[in-house]
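Quick note: the sequence shown uses this note's numbering, first residue 259, plus one each step. Idealized CB from N, CA, C, for every residue including glycine. None of these values were measured; they are calculated from a predicted model.
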Amino acid sequence: MLTNQSKEIIALIGDPVSHSKSPVMVNRAFQEMGLSVQYVAVQVKTNELKQTLDRFNEKGVKGFNVTIPHKVAIMNYLDELDQSAREIGAVNTVVKADGKWIGFNTDGLGYLQSLKEEIELDLKRERVVLIGAGGAARGVGYVLAQAGVQHLTITNRTQEKAEVLANDLSSFTTTEVIPLQEGKTAVQEATLIINTTSVGMHPNEDVTPIPVEWMHSGHIASDLIYNPRPTKWLKGAKERGARIHSGEGMLVHQAAIAIQHWFHRQAPVESMKKALIQSLSE
Ligand code: NAP
């Protein structure tokens, strides 16, 4: 709830939202930046989005983050969308500017910054297999395709969604869709394999999005999941010699970019990462 009247409020809306690690991480950033701002998670049902925005207007809320399941629905209530949000088709960050609510998507860029920070790679030479075609896959697929990766193969349980995404990204790079069960050759020939599904996430930690046996030492295995860290799939990939990249860096960087949108200042990424990792281990 919007309780602290003495501080400015930045909110996180979602349903459920109480488990989110974002408040710990973002409040640490605000504290270190010397901002008198509190980041507050607010549980909002889909039919409450309009009244939530009205309430934010009344309270002078200057921005908010959006998480599952509202990243698409919120777009109906905003005044403007920046290009990334429009092309990805989802919003995770909203800024109040000149009285207007403006939607951004920082997930994809957050992912890319984290990947580049942790793994040495040349994006233009990477052959990518993207597992999944949900909201996170759209953000990640969009930035990778725009960055000019050599080839993008998309595979998803619901193939139609993979086909829509592949089509949307085909103006940036060559794309292809394959059935999930038939991905072995494409995976083995690729260099960067990214799990954007929730398969392997706590509490269902004992499953993998694709067989670990498909992975080899020429791969970069990247999993958007940050709990557990690493996932069973990443552990297996590492045992087979792959370089691995886990989801916490994306969570930190997408938040840091959101903070930049709200306050036009750099966020303390390292402190945010420490706060997140500490909170994940509690
Ligand atoms: P979403 O829009 O609901 O998409 C979920 C994806 O997972 C879809 O591709 C879905 O396939 C697939 N999936 C779900 N259960 C499956 C199963 N049992 N077998 C095979 N595929 C399954 O969710 P999202 O927002 O994209 O999030 C996906 C994951 O990314 C979550 O684990 C989330 O925590 C993580 N994430 C991490 C960050 C970060 O900062 N690190 C940011 C955003 C998301 P269908 O299309 O067939 O349903």
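Annotation for methionine 508 indicates a beta carbon within 8 Å of some heavy atom of the ligand NAP.
According to DSSP, histidine 409 shares a beta bridge with Arg385 and Thr432. Per DSSP, arginine 396 lies in no beta strand (DSSP E) segment; the continuous alpha helix (DSSP H) that holds it begins and ends at 393-404. Between glutamate 497 and asparagine 315, the alpha-carbon positions lie close to 52 Å from each other.
In the structure shown, threonine 443 falls within a helical segment according to DSSP collapsed to helix, strand and coil. Rounded to the nearest whole angstrom, the C-alpha separation of lysine 358 and leucine 339 is 10 Å.
If you draw a straight line from the Cα of lysine 265 to the Cα of arginine 523, it comes to about 18 Å.
If you draw a straight line from the Cα of threonine 443 to the Cα of serine 280, it comes to about 38 Å.
Assignment of beta-bridge partners to tryptophan 359 by DSSP yields Lys354. In the displayed model, serine 278 falls within coil according to three-state DSSP, outside both helix and strand. Excluding residues up to 5 positions away in sequence, Asn453, Gly458, Met459, Glu463, Thr466, Asp481, Ile483 and Ser504 lie with their Cβ nearer than 8 Å to the Cβ of threonine 489 in the same chain.
Counting only heavy atoms of the ligand NAP, the residues whose C-beta sits closer than 6 Å to one of them are, along the chain, Ile326, Asp365, Gly390, Ala391, Gly392, Gly393, Ala394, Ala395, Asn414, Arg415, Thr416, Lys419, Thr454, Thr455, Ser456, Val457, Met459, Leu482, Ile483, Tyr484, Gly505, Met508, Leu509 and Gln512.
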